[in-house]
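Report on one structure; see the data block that follows.
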Amino acid sequence: MSGVAVERVRRRLATLTCIFVLLFPGSATVNACPYAGIRESAASIAKLFVSDYGVDSLQYNLLYDNEIIVSGTAGRFNKNDSLPVTEDSIYGIGSTSKMFTTVAVMLLVDQGKLDLDKPVTFYLPDFVMLDARYKEITVRMLLNHSSGLMGSRYTNGGLFDDPNTFNHDTLLMALAGQRLKANPGAYSVYCNDGFSLAEQIVERVSGLNFSEFVRENITKPLGLSHTFTPQDDFDRGLMARTFLRGDETPPETLNLIGSGGIYSTARDLCVFGQVFMDTPGNSMAQGLLSLAAKEALAEKEYLQGMWPAQKDSLFGYGLGWDSVDLYPFNRYGIQGLAKGGDTNLYHSCLIVLPEQNMAFAVAMSGGSSIYGEMMGLSLLQQVLLATGEVDSILLPKEEEAFEGAPMPSELTSYAGLYKNNSLIKEIRIDQNGTLSLIAVTQQDFPDETFIYQSSGEFVNEDKSKRLTFVEEENGETYLRIVSMLSLPGLEQRAMITVYDSVKTLPNPVDLNVQQAWDDRSGTYYIVNEIRTSQCYYSLAACTMELSTNERLPGYFGPYKIDDLNHAIQDARIPVMDGRDNDLLCFKIDDGKEYLANTSSIWLSGKNIPEMEAGEDVICTIGQNGYARWYSVRKEDAGKRMTVKLPPRGACAVYDSSECIYFSTVSGNRPVILPAEGKIVFIGNAPGTRFSVTID
């Protein structure tokens with residue numbers, strides 16, 4: 275018998291011993307199970323997430339050699355805690371859905387129906403953009419995030435209990451009005467729209483809608499009995515409940531299915547993870563994709579374009595994967611594949627060690643995918659130790675004893691303004707080697723201080739961040755940050771290496787143009803989302819605060835002003851901080867000025883009228899179909915508002931900080947109006963009428 279076969283028998287005997295112990299816990303062999311301590315560790319981490327990290331419920335599984343060896347649940351299934359979280363509880367998996375899209379594409383590649391390196395236009399001839407470079411985008415570039423597309427179009431995508439296909443049906447039309455932010459293939463930066471396009475390619479090539487293709491070619495063959503899309507018919511009662519501010523929400527439907535809309539369980543995700551393994555022991559998973567397809571999925575696609583030099587990171591894009599050389603497994607010489615997913619309400623993570631035939635999956639209501647990923651990093655290392663795959667677990671890295679050193683004077687030239695797509699900051703560097711990082715566009719962003727070290731890096735006080743400057747071949751100067759992430763109560767740490775921002779300059783514009791944008795500073799309110807949109811249940815999600823800054827002429831928040839009515843986010847940054855570039859455009863509609871970006875349309879708070887008090891006051895949706903916003907008059911604070919909702923209409927009320935009532939979630943009922951409040955009415959068509967009484 276070969277050494278490999280002997281090792282496989284040893285593993286299987288260890289697994290069978292654990293199963294025996296689980297069935298007969300009084301057995302004298304209880305101490306023989308190598309996974310008992312790992313199960314205790316998993317339960318402890320799950321309890322920590324629920325008690326300290328805002329996770330309402332979670333479900334986790336760890337699979338090894340075709341056997342689930344660690345599994346569990348924690349938290350509350352519903353508001354009353356009257357139902358248990360079980361292995362059959364279904365969760366949204368967010369962007370982990372991208373791996374189903376990637377497998378769907380690779381199945382068509384294996385069938386000879388699709389070529390990764392052919393242009394997208396070959397399969398979608400009606401895909402056009404304002405930028406001629408779109409013709410160079412290949413299918414591969416959609417899957418490795420290097421297409422150059424602006425990023426993500428979320429319009430009417432995240433809804434409550436509504437399988438509306440608006441986002442899918444209007445994607446090509448929306449992209450037809452966009453330009454690219456980079457040459458196709460220049461660098462990889464996270465991009466949801468690429469996977470939405472890949473979803474449509476699967477539909478065109480196969481002749482099936484995406485949900486049908488996934489069902490017939492992936493979930494049925496693999497026996498994934500609890501994996502669905504919003505377009506599928508399944509028991510919604512199995513879905514783990516989601517909560518906002520303590521309220522139980524209606525089921526979440528994310529209708530960007532190919533980029534983030536699939537539902538599943540941790541168990542199903544582990545079985546799905548076997549598709550990527552070398553010898554999984556599951557014949558259906560083993561044969562779903564060809565060996566060539568599996569090898570292609572695990573290639574370091576991120577190295578095909580600009581990328582920060584890295585040793586350790588959670589990011590290193592393959593086809594679909596967030597990482598194909600995941601830390602800390604790379605330190606053991608083991609390949610780790612990982613994909614995380616986050617929606618507004620659900621979170622998930624899938625990690626696969628293909629050569630070791632191991633997979634870990636977690637699904638959560640509340641929390642963050644990074645919590646699940648760190649849980650998986652910890653548990654998988656423990657299993658590697660228990661099975662003899664590694665001799666010891668790498669302890670959280672104690673940073674080397676950094677030593678201060680005289681800083682080369684030329685490094686002061688890197689001082690200046692740096693931007694990404696959410697923040698513009700100023701970097702100051704003095705001759706004694708102190709670097710100060712100061713936010714310009716977000717006043718609540720804390721200042722940070724770093725000291726120059728003999729390693730050639732600037733390091734913060736707790737040694738969790740290391741900064742260097744990199745002059746790239748494209749002529750740009752980038753701020754490279756290596757961060758050590760940790761969660762209090764959890765020993766596991768994670769590493770992230772990114773280009774955080776790119777050096778920029780002030781953008782002086784004509785004084786009249788600057789004055790026009792100065793006058794537009796303020797809060798903007800969304801008007802083009804439908805009545806089931808999740809954004810109305812959060813004031814932060816349905817508003818946008820933008821302003822000019824005397825220290826940064828020619829900018830409107832993080833947007834660079836082009837002319838009187840246009841501004842752009844133009845940071846060219848790989849990995850994550852250059853994702854979702856955006857355009858702003860002011861336009862006049864129905865006598866009012868509106869702000870449009872690549873996804874939404876917004877109304878300035880300065881143009882919101884006060885709500886008239888009285889009996890049966892009529893609010894009518896205009897010809898543009900936009901939601902109608904009103905301010906609460908000072909004298910009406912504390913009064914009761916009653917609304918006669920039309921069919922398929924909704925309303926919401928906000929105080930100065932959050933949504934206090936949304937009829938789509940809470941049903942139609944009277945509400946007490948808050949001081950300094952706002953009211954919005956959302957209709958399904960022009961002419962929709964709301965009758966309002968305030969008394």
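Note that the numbering used here gives residue 496 to position 222 of the sequence shown, counting from 1, and the numbers run on in steps of one.
C-beta atoms are modelled at their ideal positions from N, C-alpha and C, and glycine is treated no differently.
In the three-state scheme derived from DSSP, where H, G and I count as helix and E and B as strand, residue 756 is classed as strand. If you look at residue 466, you'll find it in the alpha helix (DSSP H) that goes 466-480. Within the stretch 321-407, the complete alpha helix (DSSP H) segments at least 4 residues long are 371-384, 394-397, listed from N- to C-terminus.
Looking from the CA of residue 454, the closest CA among 736, 424, 821, 576 belongs to 424. Distances from the CA of residue 436 to each of 937, 967, 807, 830 were compared; the closest alpha carbon is that of 807. Note that the stretch 404-413 does not touch the stretch 904-917; fewer than 3 beta-carbon pairs, one per stretch, sit closer than 8 Å.
Per DSSP, residue 847 lies in no beta strand (DSSP E) and is assigned neither H nor E. In this structure, the alpha-carbon of residue 951 lies about 20 Å from that of residue 941. From the listed residues 668, 614, 629, the smallest Cα separation to residue 642 is found for 614.
In this chain, the beta strand (DSSP E) harbouring residue 903 covers 902-905. Residue 475 and residue 371 do not touch by the CB rule: their CB atoms are close to 16 Å apart, not below 8 Å. Bounds of any beta strand (DSSP E) do not take in residue 595, whose DSSP letter is neither H nor E. A contact is defined here as three or more CB-CB pairs under 8 Å, and the stretch 882-902 meets this definition with respect to the stretch 958-966. Going by DSSP, residue 416 is part of the alpha helix (DSSP H) stretching over 413-417.
Only buried fits residue 948, as 16 or more other CB atoms lie within 10 angstroms of its CB. Here the stretch 676-688 lies against the stretch 724-739, with 3 or more beta-carbon pairs under 8 Å apart. By the 16-neighbour rule on beta-carbons within 10 angstroms, residue 922 is exposed.
It is roughly 14 Å from the alpha-carbon of residue 692 to the alpha-carbon of residue 719. The three-state secondary structure of residue 687, taken from DSSP, is helix.
The Cβ neighbour count for residue 872, taken over all protein chains shown within 10 Å, is at least 16; the residue is labelled buried. Residue 485 is a Cβ neighbour of residue 506, given a cutoff of 8 Å. Cβ contact annotation for residue 652 (same chain, cutoff 8 Å, sequence separation greater than five): 315, 319, 764, 765, 766, in chain order. Rounded to whole angstroms, the Cβ separation of residue 368 and residue 616 is 5 Å, and the two are in contact under 8 Å. Annotation for residue 531: the continuous alpha helix (DSSP H) segment containing it runs 531-534.
Ranked by Cα distance from residue 540, the first of 365, 632, 775 is 365. The continuous stretches of alpha helix (DSSP H) do not include residue 803, and DSSP gives it neither H nor E. Among the bridge pairs identified by DSSP, residue 632 is matched with 338, 627.
Under the DSSP definition of a beta bridge, residue 590 partners with 597. Boundaries of the beta strand (DSSP E) around residue 766: 764-778.
Judged by pairs of C-beta atoms under 8 Å, the stretch 464-475 touches the stretch 426-443, as three or more such pairs exist.
When only Cα atoms are considered, residue 783 and residue 828 end up about 6 Å apart.
Each of 844, 460, 471 was checked against the Cα of residue 450, and the nearest Cα belongs to 471. In this structure, DSSP gives residue 938 a helical state, which the three-state scheme calls helix.
Fully enclosed beta strand (DSSP E) runs of no fewer than 3 residues occupy 690-693, 698-703, 708-713, 722-726, 739-745 of the stretch 689-748, in order along the chain. At the C-beta level, residue 708 and residue 697 stay beyond 8 Å of one another. Counting along the chain, residue 964 sits inside the beta strand (DSSP E) bounded by residues 963-968.
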